[in-house]
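Read through the structure below, which is laid out as structure tokens, and then see the notes.
Numbering (my numbering), first residue to last: 415 to 653.
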């Protein structure tokens, strides 16, 4: 497969925090802001956040199915309540489901009780929507705003914090200066063994274009051309 023509003019600086595949499953992930899988293998995890709507979900699921590539979808509880059929579709397609809070607030602005509610209300919404066995004990902070104390709170609730090595920034849309080309470049520049890539489903109010859905085929082509394999984050739960 030929490498897609991309210009690596934008840079992405990987975060030093790491997920380990050598520990004892879930608890090996506790106490950490996990932004990369610690491995020397040329593997990458693909993830999507969803809080707005399900625009371009068909395209994303279709492309993942065509490539037989697993992904983890981090949904807000509010999204799950509004789109229970989407939750079931993602689960039926064999992908993992993660917790992205209930209403996507800034956690630093909440009390401990408020943060507890955001996590557990989202978990309940996902379960009631039909997540079933696709539901993972993975949590991703809104805006990726983490702190050791907040991570400890999430861990105490039984969730590991899973963040990302790089975001394509496709969620910004053309209004925010993003293009499909730039999204692909950001993904390619982030490539390293164990990278975790973040993309988004849907579009914010007033927008219909989903850059990440358009970029996904080119990103997967670029991974394959560079001998990277997409792995399921749920493999981290097995010692």
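Note that beta-carbon positions come from the ideal geometry of N, C-alpha and C, so glycine has one too.
- Ranked by how close their Cα comes to the Cα of residue 589, the residues 550, 618 and 552 have 618 in first place.
- Non-local C-beta neighbours of residue 444 in its own chain, meaning closer than 7 Å and more than five positions away in sequence, comprise 569 and 574, ordered along the chain.
- In chain order, 490, 493 and 518 place their CB closer than 6 Å to the CB of residue 465, counting only its own chain and leaving out the 5 sequence neighbours on each side.
- In the assembly as shown, residue 449 is a buried residue. Its beta-carbon has 16 or more other beta-carbons within 10 Å.
- Excluding the 5 residues flanking it on each side, residue 477 has same chain C-beta neighbours closer than 6 Å at 630 and 631, in chain order.
- In the assembly as shown, residue 497 is a buried residue. Its beta-carbon has 16 or more other beta-carbons within 10 Å.
- Boundaries around residue 631 are those of the alpha helix (DSSP H), 625 to 639, since no beta strand (DSSP E) includes it.
- Per DSSP, residue 463 is one residue of the beta strand (DSSP E) stretching across 457 to 464.
- Secondary structure of residue 606 (DSSP, three-state): coil.
- The continuous alpha helix (DSSP H) containing residue 493 extends over residues 491 to 496.
- Residue pairing from DSSP leaves residue 524 without any beta-bridge partner.
- Beta-bridge annotation (DSSP): residue 612 is paired with 461 and 581.
- In the three-state DSSP reduction, residue 551 falls in the strand class (E or B).
- Taking a C-beta distance under 9 Å as the contact criterion, residue 598 and residue 473 do not qualify as a contact pair.
- For residue 511, the enclosing beta strand (DSSP E) stretches over residues 510 to 513.
- The Cβ neighbour count for residue 529, taken over all protein chains shown within 10 Å, is at least 16; the residue is labelled buried.
- At least 9 Å separates the beta-carbon of residue 451 from that of residue 460.
- Per DSSP, reduced to three states, the secondary structure at residue 467 is coil, with no helix or strand assignment.
- For residue 562, the enclosing alpha helix (DSSP H) begins and ends at 562 to 570.
- In the three-state reduction of the DSSP assignment, residue 537 falls in the helix class.
- As the crow flies, the alpha-carbon of residue 481 is around 36 Å from that of residue 564.
- Inter-residue distance for residue 633 and residue 485 is about 13 Å (C-alpha atoms, whole angstroms).
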